[in-house]
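Protein chains in written order, with this note's numbering: chain S, 4 to 225; chain U, 1255 to 1721.
The beta-carbon is built from N, C-alpha and C at its ideal position, and this holds for glycine as well.
Since this is a predicted model, take the numbers as computed values, not measurements.
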């Protein structure tokens, strides 16, 4: 995995490099707009971490140029500006995520991992999270390389959770996936969730409920 | 936004000029006609005098009138304008006794002249003539036959006199207008002097001089001066509030920074890796708190001192509540708590507001709940539709707040008597500011079991505003 960090503050740039390299990544750091533009035009990156306030230009223009070229490399925006307008503009221009400074490195790592996973899934059409994997082409789910024999709805539920693994899958998304857009009872989904929970018991993964919001497939904390 | 719309001077000048022009045209028309009348009177009396002179020269020889036209009469007729003159002496039958031009005198004119002397205008060979005729009364002589004397001349003398008189009138008028204009300019200067003085006074003012104005102004400007004064007063109050706030903020920032400094200093003096680790942990935690404090101070300052409210929009409060809660539930800081959403009204509920401020508001409420409750606490957000207002609420099952503190929780740097948390004491102050901006109402109360419940009541978007 090759990461491009565009950040002009040396302290932050150094911590980003140190934090991200152990994730198995090559990290290229640029402090200027112009250098970063050249790098983006020549090289292939798996993720771009973009600081908006650069000494020689606005990061948003760089993002706009990237997307205009049809480059779909995931972009995570970092900024000290906390204005919501910037955030909305960044996401409108095609940024994949947004993190306001100051941020914790743990949070950053989690976001980077999620973005990299998504970008990887696009490539090999296979959803994985920890010991769990789902091959979208064959429709086969495996846990620790063992094929999970699941009924159709549980399989769709698992796929739905895996698509958003590490973040919350909205309840409505799962309901639509399982039952179509018809009206369903409030606990119909909960029934399938609890069945899936039993299957994952002891696998090191769990499904956490967020009341009124959705569910999240996450690693069970020891 | 100041748009300059002409000057007072040009407006005054325009109206004065318009008045003077209308009056001037009337005056000049009148002057022309009176010049004409004066010229006419002057030359008509000359004609009369010439006729009399001729009359005196008439003698009677054998019952027939004989006349030797005296040169004096011709001199009277001929002005210095190279005029052509006419004279004729007619007997009772209308036969010319003496005359220089063959201007035919119609019988009708003769009849008029027989009753009284008459002035007439006539055209002869394409030229305008002024004619005067009178009948000579021959009473006391042998015959009773009357004799008519006609004199006349062309009009150039009259025209020249009219022109001269009119020119004089115009000259007088122009001089008067010029004088009036100069006086008017002076008057405007004097009248506008108070405005100029006020302007100079304002321009000389220091940027931070907020004292009331000290100026003599006419009654018409009193209201403006008073408005300026009250503006200065508001600015002074605003600045004082800002200074107080900055002082508070600086104090609040200094405290954790001092902690950072001493902790790192001690660690540098120590040789033990354990002490370094301990100090680094403290530094890390404190840095996080400090930067959060800084960003909260910034939002509070922005909310309190925003000069103009940014554009408000029609916002679906349900979508916003869902989105913000979802966002916070994902965050690292929330993982030890059970954040959830109570079931919301199914339909969108619209309020008028600023989306960023409302997100900030909900975020601060959630952040507060996370900080002031122990791990594992249940935090629930929800909404209730009342008849007049839309209620958004957040409740937790934490330790709650003593009833006597509830009322002033929203003051800056108030932590509900708690010193054990990482909170800055600014969260509810920010919430309070945003609530005010949205003309909403906040109610802080104890939750059913224990814990705290904060309820916000927003006015619905009315039909009128929706258009």
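May I ask you to verify whether the region 1337-1353 of chain U touches the region 1408-1416 of chain U, counting CB pairs closer than 8 Å and requiring at least 3?
-> Because the criterion of three Cβ pairs below 8 Å is met, the region 1337-1353 of chain U and the region 1408-1416 of chain U touch.
Under a three-way DSSP split, which group does residue 1369 of chain U fall into?
-> Looking at residue 1369 of chain U - three-state DSSP - the assignment turns out to be helix.
Kindly provide the ranges of any beta strand (DSSP E) runs that are 3 or more residues long and lie completely inside the region 1618-1700 of chain U, ordered along the chain.
-> The region 1618-1700 of chain U contains these whole beta strand (DSSP E) runs: 1632-1639, 1643-1650 and 1695-1700.
Within 8 Å, strictly: CB atoms of residue 1605 of chain U and residue 1571 of chain U | In this structure, the beta-carbon distance from residue 1605 of chain U to residue 1571 of chain U falls below 8 Å.
Measure how close the beta-carbons of residue 80 of chain S and residue 55 of chain S come, nearest whole angstrom, since I'm counting them as under 8 Å.
-> For residue 80 of chain S against residue 55 of chain S, the beta-carbon gap comes to about 6 Å, under 8 Å, which counts as contact.
Could you spell out the range, first to last residue, of the alpha helix (DSSP H) harbouring residue 24 of chain S?
-> Element bounds for residue 24 of chain S: n/a, residue is neither H nor E.
Pull up the distance between the alpha-carbon of residue 1326 of chain U and that of residue 1347 of chain U, whole angstroms please.
-> One C-alpha to the other measures close to 27 Å.
Determine contact between the region 1509-1525 of chain U and the region 1534-1549 of chain U, defined as no fewer than three beta-carbon pairs at a distance below 8 Å.
-> The region 1509-1525 of chain U vs the region 1534-1549 of chain U: in contact.
Buried or exposed (CB count within 10 angstroms, at least 16 for buried), residue 1551 of chain U | With 16 or more Cβ atoms within 10 Å of its Cβ, residue 1551 of chain U is classed as buried.
Note down, in chain order, every chain S residue with its Cβ under 7 Å from the Cβ of residue 1584 of chain U.
-> Close to residue 1584 of chain U, with beta-carbon spacing below 7 Å, are these residues of chain S in chain order: 170 and 171.
Report, in whole angstroms, the separation of the C-beta atoms of residue 1359 of chain U and residue 1404 of chain U, which I expect to be a contact under 8 Å.
-> About 6 Å; that satisfies the 8 Å criterion.
Nearest neighbour of residue 1679 of chain U, chosen from U/1603, U/1557 and U/1502 [CA to CA] | When only C-alpha atoms are compared, the closest one is U/1502.
In chain U, which residues lie with their C-beta within 8 Å of the C-beta of residue 107 of chain S?
-> Residues of chain U passing the Cβ test: 1542 and 1586.
Inter-residue CB distance, residue 219 of chain S and residue 170 of chain S (contact presumed, cutoff 8 Å) | Rounded, the Cβ-Cβ distance is 7 Å, consistent with contact.
Is any beta-carbon of chain S found at less than 8 Å from that of residue 1708 of chain U?
-> Interface flag for residue 1708 of chain U against chain S is unset, since no Cβ pair is found closer than 8 Å.
Along the region 1590-1601 of chain U, what residues have a CB closer than 9 Å to any CB found in chain S?
-> Residues passing the 9 Å Cβ filter: 1592, 1593, 1594, 1595, 1596, 1597 and 1598.
Closest Cβ-Cβ distance between residue 214 of chain S and chain U: below 8 Å?
-> Chain U places a beta carbon closer than 8 Å to that of residue 214 of chain S, counting this residue as a contact.
Apart from the five residues on each side of it in sequence, which residues of its chain come closer than 7 Å, Cβ to Cβ, to residue 1294 of chain U?
-> Close CB contacts of residue 1294 of chain U within its chain, under the 7 Å cut and outside five residues either way in sequence, are with 1412 (chain order).
Could you check where the beta strand (DSSP E) with residue 1593 of chain U kicks off and where it finishes?
-> Start and end: 1592-1595.
Secondary structure at residue 1322 of chain U, three-state DSSP: helix, strand or coil?
-> Three-state DSSP puts residue 1322 of chain U in coil, outside helix and strand.
Using the Cα positions of residue 1366 of chain U and residue 1428 of chain U, report the straight-line distance between them to the nearest angstrom.
-> Distance between the alpha carbons of residue 1366 of chain U and residue 1428 of chain U: 45 Å.
Return the residue from the list U/1282, U/1324, U/1341 and U/1329 that minimises the CA-CA distance to residue 1420 of chain U.
-> Considering only alpha carbons, the answer is U/1282.
Between the CA atoms of residue 1488 of chain U and residue 167 of chain S - distance to the nearest angstrom | Approximately 53 Å between the Cα atoms of the pair.
Classify residue 1312 of chain U as helix, strand or coil using the three-state DSSP reduction.
-> It is a strand residue.
Inter-residue spacing [alpha-carbon to alpha-carbon] between residue 222 of chain S and residue 178 of chain S = Whole-angstrom Cα-Cα distance: 23 Å.
What first and last residue would you give for the alpha helix (DSSP H) that runs through residue 1422 of chain U?
-> That run of the alpha helix (DSSP H) goes 1410-1458.
Beta-carbon of residue 1580 of chain U versus every beta-carbon of chain S: anything under 8 Å?
-> Output row for residue 1580 of chain U: interface = yes.
Give me the Cα-Cα distance between residue 208 of chain S and residue 1608 of chain U, rounded to the nearest whole angstrom.
-> If you take the alpha carbons of residue 208 of chain S and residue 1608 of chain U, they lie about 40 Å apart.
Kindly list the residues whose CB is nearer than 8 Å to the CB of residue 1573 of chain U, restricted to its own chain and excluding five residues on each side of it in sequence; keep chain order.
-> Counting only Cβ-Cβ distances below 8 Å, and skipping sequence neighbours, we find 1602.
Can you give me the Cβ contacts of residue 1594 of chain U inside the same chain, cut-off strictly under 6 Å, excluding the 5 residues immediately before and after it?
-> Result list for residue 1594 of chain U: 1634, in chain order.
Indicate the three-state DSSP secondary structure (helix, strand or coil) for residue 75 of chain S in the structure shown.
-> If DSSP states are grouped into helix, strand and coil, residue 75 of chain S belongs with coil.
Among U/1701, U/1684, U/1696 and U/1301, which one has its Cα closest to the Cα of residue 1657 of chain U?
-> It is U/1701 whose Cα lies nearest to the Cα of residue 1657 of chain U.
Quick one: measure Cβ to Cβ for residue 1321 of chain U and residue 1434 of chain U, integer angstroms, because I've assumed they're closer than 8 Å.
-> With 8 Å as the limit, residue 1321 of chain U and residue 1434 of chain U do not qualify as a contact, their Cβ atoms being about 58 Å apart.
Proximity winner among U/1590, U/1259, U/1303 and U/1576, relative to residue 174 of chain S (alpha-carbon distances) = Minimum Cα-Cα distance from residue 174 of chain S among the listed residues U/1590, U/1259, U/1303 and U/1576 corresponds to U/1576.
Identified DSSP bridge partners for residue 211 of chain S = Residue pairing for residue 211 of chain S: DSSP places it in a beta bridge opposite S/219.
Would you mind sorting residue 1265 of chain U into buried or exposed? The rule is 16 or more other CB atoms within 10 Å of its CB.
-> Exposed is the call here.
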